[in-house]
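Everything below concerns the one structure shown next.
Residue numbers (our numbering): 16 to 174.
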């Protein structure tokens, strides 16, 4: 399929809000890219990040714009600062934390797309006024080929 150029202004993303002030702004979706990729601009509060998980469907590329992060993959933590990048192929268990003292900013590019659909549904469930339905959250993850791995605390980077 022939693709046309896509131009996205900074404020044009679809903002997804998460507990603790974290945000993902979907700048390009699979719908726009014929499912080739998705791109999100993200903010991460200090000492926050996702639980240990595996993507079965997509590779992730993180481009770190501001802050200091630590990524866990293949049994080890690696610190990466602003200007660095991290490539995480599908089927690799991973997680990350903003280990800085200020809000971090990073870009996430997933190939192929699909992650943005998961994030949209997940954020919607988390935003419910009552406690989010943990079973529904696990179901959303499974539907999108994402597996959360129990025992995150054992994987947290020591301070």
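Every residue, glycine too, gets a C-beta built ideally from N, C-alpha and C.
- CA-to-CA, the gap between residue 61 and residue 120 works out to about 11 Å.
- Taking residue 34 as the centre and dropping the five residues before and after it, the same chain places the C-beta of 141 closer than 7 Å to its C-beta, in chain order.
- Fewer than three Cβ pairs drawn from the region 99-112 and the region 129-148 lie within less than 8 Å of each other, which leaves the two stretches out of contact.
- Restricting attention to 19, 64, 41, 31, the CA atom closest to the CA of residue 49 is found in 19.
- The alpha-carbon separation between residue 161 and residue 154 amounts to approximately 10 Å.
- A direct Cα-Cα distance of roughly 24 Å separates residue 76 from residue 165.
- Under the 8 Å Cβ criterion, the region 108-123 counts as touching the region 71-85, having at least three qualifying pairs.
- Residue 55 and residue 147 have their C-alpha atoms spaced approximately 23 Å apart.
- A residue is called buried when at least 16 other Cβ atoms come within 10 angstroms of its Cβ; residue 53 meets this threshold and is buried.
- According to the DSSP assignment, residue 69 belongs to the beta strand (DSSP E) that extends over 68-70.
- Under the criterion of beta carbons closer than 8 Å, residue 42 and residue 57 do not qualify as touching, at roughly 10 Å.
- In the DSSP assignment, residue 163 falls within the beta strand (DSSP E) that extends over 161-163.
- For residue 135, the secondary structure class from DSSP, reduced to helix, strand or coil, is helix.
- Collapsing the DSSP output to three states places residue 158 in a helix.
- About 11 Å separates the CB atoms of residue 163 and residue 70; that is not less than 8 Å, and the two are not in contact.
- If you look at residue 100, you'll find it in the beta strand (DSSP E) that goes 100-103.
- In the DSSP secondary-structure assignment, residue 92 is bridged to 87.
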